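Everything on this sheet refers to the single structure shown next.
Chains as they are written, first to last, in our numbering: chain H, 203 to 622; chain W, 203 to 622.
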């Protein structure tokens, strides 16, 4: 029997057990600070599969010294990282399989049809916060490893399974794993890509702009300068800059993406009295960072653009720019990288069609893996992009199984598998 | 000795005593709900002067039934109104002298050079919250009455001195006084006009607009509709409507006013996450109401204008319009009204120059007096328009004394004075 057939049969036989495991992990509401329960489940599963397990609580004080540390906390006392290690026999290519275990908050319960941590299965879909982003993708990884193990596979190269915290808040979990030495020749991250393959991932940063006006009574508003009006000028400048930045991007990976690296203004607030001219407006937003750019270059470009606005008001009252909150490094791997070819070949073998290869519109831990861990990364996973971070998040179970098979074959090829 | 000379001499003699009284009233921080202390001072002063005094706590539950009631509370248990009555001998014109005793909050203490309730006098200016708006103006009224009394004047018409609460929050104090019967043939309100005479006062209302968008991830912002962008369209529509409304105003009173009835957007807030496309923005503002307009007409004009915006988005997602918070009726008196002529004549007699006659850019209790109390009102007072509601509010003592003399002579002429 061929390897593919063995793996496929094993997966079919184990689907029900796999779904139950996913329900268990979704039922652990692993928002920031609450990751212990689910990490213990993962560690136990890795032991059962037969991997060496390293579970540790990252030292936030030490991590905070790293230039790429970005988190809203330094205390990870209740937030362990888990890595499962499958040592190869030697002389093979090593691989990281990386998935984050933290989930974004469930938000307004009224918008959920079922409880967000139910893990309810209806018509082949499993519902719940984290199902798509990305416990379902992590399950594909675990199934791939378990299928290889239980069908008697041996690997030449080392395999590292990362179950990390903090991806949603800036990647401190992956940073900790990389700094602990869990790096490899390449990586796969099964974030929810709708089964598309993303060799390039957009980075991003958050900015805060403070725009000044001049207060006056609303009845004599012509005696003041409205910071809301001036914010309108700044918003237009941001649109102009977005156009300039995106015109530069000619990589064919972006050919079907309307705006490869958008600048989004997500929050606005200003003024404090309906009948006063507002003297201050604050905008908060996110700027996309292209794979070839550094964060520093992009910061400088936005700052320079805003400081060169033509209106005389702004020369006397420059827009204040702050960089705050989370940031994600961009990541990329060559489109003709051997892992790209291997993954694409196996995708075609399992699904009978060519994969869609595109650039990712959002950042992942692939930026840290590539840039800090020197581990070029591909993002490819079974989740549904559109429901990540939204109420009624779900994943299709059939996609999890398909991704597991594709990834298992890819591990086999990449790490040098041998099967009795 | 002429009446003017007697009054003038009396005022010169009493200036120091008057300043001390103003200090006492400014030192009473009569923000909303804290008016008892200062009203007791006023009532005592009125008794000393020899007026009949009516001090009462308005019945908020009853007032709330009136269509022009507008307040953030219905409990006035600690907020008395005071009216002083000088009954005329009969057959004369009656007059209301109206001043509010409530002050707006002092705001950030760090922005005040002296304590906001110090009443400190430096170089002829008395500093403190409420000095200009409008305890200084009220003092001009009290001095005018006292000067007439103490120089032996008798009046034919009745004189009512209103010391009212709630002007800053919608006028419930004046409404209560009017409904209690304290109306007259005309009124003078010494709000801070820089000694200008305002026969017309702009009314105003507050509005809240809710603008919808469609949420999306900031990295794919092209999949959403930014409510901030749509707010930009609404802000432009508001500017357009403001222009249309102001082009209609041809009254020469407004000839030196850049925008007779402005529409001011004072607050904006929207979105809740930097990297999400914002799906809602709320604008709060104030629309000016011209003297000849009704509040209902103006509400309808804004609502209709916003519901006729051309962008298809708004036909499916109409802008929600709410009217909230305070509102002030516009007020006006004919520019050739006898009280206008009398006041202008006395202004010229005291100051030796023609008064500036203009329209007021803000609402006062004159709207309620005119429209509910059928008491046409002139706004004319010694305060400094620019410092009302601001830190380091002050008033020039000399202006208080000048206004007192002008008003005393006007009372004498209007109410039919007789002097031994």
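The beta carbon of each residue, even a glycine, is placed where N, CA and C say it ideally should be. These figures come from a predicted structure and were not determined experimentally.
Return the first residue and the last residue of the alpha helix (DSSP H) that residue 257 of chain H is part of.
Premise fails: residue 257 of chain H lies in the beta strand (DSSP E), 254-258, not in any alpha helix (DSSP H).
Among all the DSSP beta bridges, which residues are the ones paired with residue 524 of chain H?
Its beta-bridge partners are H/410.
Once DSSP output is grouped into helix, strand and coil, what is the label at residue 355 of chain H?
Residue state, collapsed to three classes: strand.
Inspect the CB distances between the stretch 240-254 of chain H and the stretch 378-385 of chain H and report whether three or more fall short of 8 Å.
Output reads no: the stretch 378-385 of chain H does not touch the stretch 240-254 of chain H.
For residue 428 of chain W, the three-state DSSP class (helix, strand or coil):
If DSSP states are grouped into helix, strand and coil, residue 428 of chain W belongs with coil.
Going by beta carbon distance, what residues of the same chain come within less than 6 Å of residue 572 of chain H, once the five residues before and after it are set aside?
Result list for residue 572 of chain H: 533, 578, 579, in chain order.
Short of 9 Å Cβ to Cβ, which residues in the stretch 459-483 of chain H face chain W?
From the stretch 459-483 of chain H, only 459, 460, 461, 463, 464, 465, 466, 467, 468, 469, 470, 471, 472, 473, 474, 475, 476, 477, 478, 479, 480, 483 have a Cβ closer than 9 Å to chain W.
Report the neighbours of residue 406 of chain W on chain H: residues whose CB is nearer than 8 Å to its CB, in chain order.
From the beta-carbon of residue 406 of chain W, the residues of chain H found nearer than 8 Å are 420, 421, 477.
Roughly how many whole angstroms lie between the Cα atoms of residue 395 of chain W and residue 455 of chain W?
Rounded to whole angstroms, residue 395 of chain W and residue 455 of chain W show a C-alpha spacing of 15 Å.
In this structure, how does DSSP classify residue 401 of chain H when only helix, strand and coil are distinguished?
Of the three classes helix, strand and coil, the one that applies to residue 401 of chain H here is strand, per DSSP.
In chain order, what residues of the same chain lie with their CB nearer than 6 Å to the CB of residue 490 of chain H, ignoring the 5 residues before and after it?
Here the set comprises 404, 406, 463, 464.
Contact under 8 Å by Cβ, residue 469 of chain H with residue 434 of chain W:
No; because the gap between Cβ atoms is not below 8 Å, this pair is not in contact.
Quick check on the DSSP output: what are the complete alpha helix (DSSP H) runs of length 4 or more inside the stretch 537-593 of chain H, in order along the chain?
DSSP runs (the alpha helix (DSSP H)) wholly in the stretch 537-593 of chain H: 540-553, 568-573.
Limits of the unbroken alpha helix (DSSP H) element including residue 226 of chain H
Per DSSP, the unbroken alpha helix (DSSP H) holding residue 226 of chain H starts and ends at 205-229.
So within the stretch 312-389 of chain H, which uninterrupted alpha helix (DSSP H) runs reach at least 4 residues, ignoring any that extend past its ends?
List check, alpha helix (DSSP H) in window: 338-352, 374-381.
Contacting positions in the stretch 429-443 of chain W - beta carbon closer than 7 Å to chain H
Look at the stretch 429-443 of chain W: the residues with a C-beta under 7 Å from a C-beta of chain H are 430, 434, 437.
The alpha helix (DSSP H) with residue 242 of chain H in it runs from where to where?
From DSSP, the alpha helix (DSSP H) with residue 242 of chain H extends over 238-251.
Using a Cβ-Cβ cut-off of 8 Å, state whether residue 549 of chain W counts as contacting chain H.
It does not; no Cβ of chain H falls within 8 Å.
Contact with chain H by residue 401 of chain W, beta-carbon distance below 8 Å
At a cut-off of 8 Å between beta-carbon atoms, residue 401 of chain W makes no contact with chain H.
What residue does the beta strand (DSSP E) around residue 619 of chain W start on, and which one ends it?
From DSSP, the beta strand (DSSP E) with residue 619 of chain W extends over 619-621.
For a contact meaning CB atoms closer than 7 Å, what does residue 564 of chain H contact in chain W?
What residue 564 of chain H touches in chain W: 419, 421.
Where the stretch 514-539 of chain H meets chain W: residues whose CB sits under 7 Å from a CB there
Answer set for the stretch 514-539 of chain H: 527.
Would residue 456 of chain W count as contacting chain H if we go by Cβ distances under 8 Å?
Not closer than 8 Å to any Cβ of chain H, the Cβ of residue 456 of chain W fails to qualify, so no.
Should residue 486 of chain H be flagged as near chain W, meaning a C-beta pair shorter than 8 Å?
Chain W contact via Cβ: present.
If I follow the unbroken beta strand (DSSP E) through residue 596 of chain H, where does it start and stop?
Per DSSP, residue 596 of chain H belongs to the beta strand (DSSP E) from 596-598.
Can the beta-carbon of residue 414 of chain H be found closer than 8 Å to that of residue 429 of chain H?
Cβ distance < 8 Å, so residue 414 of chain H and residue 429 of chain H count as in contact.
How would you list, in chain order, the residues of chain H whose beta-carbon sits under 7 Å from the beta-carbon of residue 490 of chain W?
Simply 421.
Identify which residue in W/598, W/605, W/619 has its Cα closest to the Cα of residue 325 of chain W.
Looking at W/598, W/605, W/619, the one whose alpha-carbon comes closest to that of residue 325 of chain W is W/598.
Nearest-angstrom Cα distance between residue 603 of chain H and residue 242 of chain H?
Each residue's alpha carbon lies about 23 Å from the other.
Rounded C-alpha distance that separates residue 293 of chain H from residue 300 of chain H:
Straight-line Cα distance between these residues: approximately 22 Å.
Taking the DSSP output, what are the residues bridged to residue 297 of chain H?
Under DSSP, residue 297 of chain H takes part in a beta bridge, and its partners are H/361, H/388.
Quick check on the burial criterion: 16 or more other C-beta atoms within 10 angstroms. Buried or exposed for residue 303 of chain H?
Burial call: buried.
Enumerate in chain order the residues of its own chain whose CB-to-CB distance from residue 617 of chain W is below 8 Å, with the five nearest sequence positions on each side excluded.
The beta carbon of residue 617 of chain W sits closer than 8 Å to the beta carbons of 290, 294, 295, 296, 297, 357, 358, 359, 360, 361 from its chain, once the five residues preceding and following it are set aside; these are given in chain order.
Would you tell me roughly how many angstroms separate the C-alpha atoms of residue 187 of chain H and residue 530 of chain H, rounded to the nearest one?
Nothing in the structure corresponds to residue 187 of chain H, since chain H is present only between 203 and 622.
For the alpha helix (DSSP H) containing residue 263 of chain H, list its first residue and its last residue.
It spans 262-265 - the alpha helix (DSSP H) in which residue 263 of chain H sits, taken as one unbroken run.
Which term fits residue 312 of chain H, buried or exposed, when burial requires 16 or more other beta carbons within 10 angstroms of its beta carbon?
Within 10 angstroms of the beta-carbon of residue 312 of chain H lie fewer than 16 other beta-carbons, which makes it exposed.
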